[in-house]
Amino acid sequence: MRHSSLFRNWVIFTWILLGAAQTQNAAVASDIRSVSASEFSALLDEARGEVILINLWATWCAPCLREIPELIRLHEKYQDKGFRLIAVAMDDPQDLETHVIPFRDKHFPEWETFQREEVDMDRFVSVVDPAWNEVLPTSYLINRTGDLTKVLFGGKSYEEFESALLEIL
């Protein structure tokens, strides 16, 4: 019974990934840029004036991968209203070329992503959340003045993301 349930979940997960890959738009995001904690902080400062959703994800995180199509859809719908999505791959920094870029290019090429350069995940995320509990996925909503307004732990639905976004957009 347990094996059939695992197999069913694997089939559903694969179907989600393949469906998302087939419905992508033709635009491909630029190469993934590796950023240090200080560069990430500067990136957030440059984005001040926009509503930002920072999404921490990893190639090995199933809930992360399920919510990526929802986040892409959210970004497409609200980017003209001053919404910016900043995705950060939390895979090990040395896995950028071997895992993160090929995975993103195959499944979500329009997913603009940065890669943490810091070996210590906590040091990197402390730019936004000094008390981060290392849960992936984690998303942070930041208002136009640069204040953290909401933290979303674990995989969320489109409706949950949209509701949180609309509170501050």
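Number 128 in numbering that gives the first Met the number 0 belongs to position 129 of the sequence shown; there are no gaps in the numbering.
Think of the CB as a built atom: it goes at the ideal place given N, C-alpha and C, for glycine as much as any other residue.
Here the structure is a predicted model, which means the values were calculated and not measured.
Rounded C-alpha distance that separates residue i from residue j
i: Trp59; j: Arg47; result: 31 Å
i: Pro129; j: Asp146; result: 14 Å
i: Glu111; j: Cys63; result: 15 Å
i: Leu135; j: Pro68; result: 16 Å
i: Arg143; j: Asp91; result: 30 Å
Three-state secondary structure assigned by DSSP to residue i
i: Ala20; result: Model confidence at Ala20 stands at a pLDDT of 43, short of 50, so the residue's coordinates are unreliable; what they give is reported in the following sentence. In the structure shown, Ala20 sits in a helix (DSSP, three-state: H, G or I).
i: Leu151; result: strand
i: Glu161; result: helix
i: Ser156; result: coil
Of the listed residues the options, nearest to residue i (C-alpha basis)
i: Tyr157; options: Phe39, Leu55, Lys76; result: Lys76
i: Ser33; options: His106, Val150, Val118; result: Val118
i: Asp30; options: Gln78, Arg103, Lys149; result: Arg103
i: Leu95; options: Ala57, Gly154, Arg65; result: Ala57
Beta-carbon spacing of residue i, residue j below 8 Å
i: Ser162; j: Ile53; result: no
i: Arg72; j: Glu49; result: no
i: Leu43; j: Met89; result: no
Where residue i falls, given that 16 or more other Cβ within 10 Å makes a residue buried
i: Leu165; result: exposed
i: Gln78; result: exposed
i: Gln93; result: exposed
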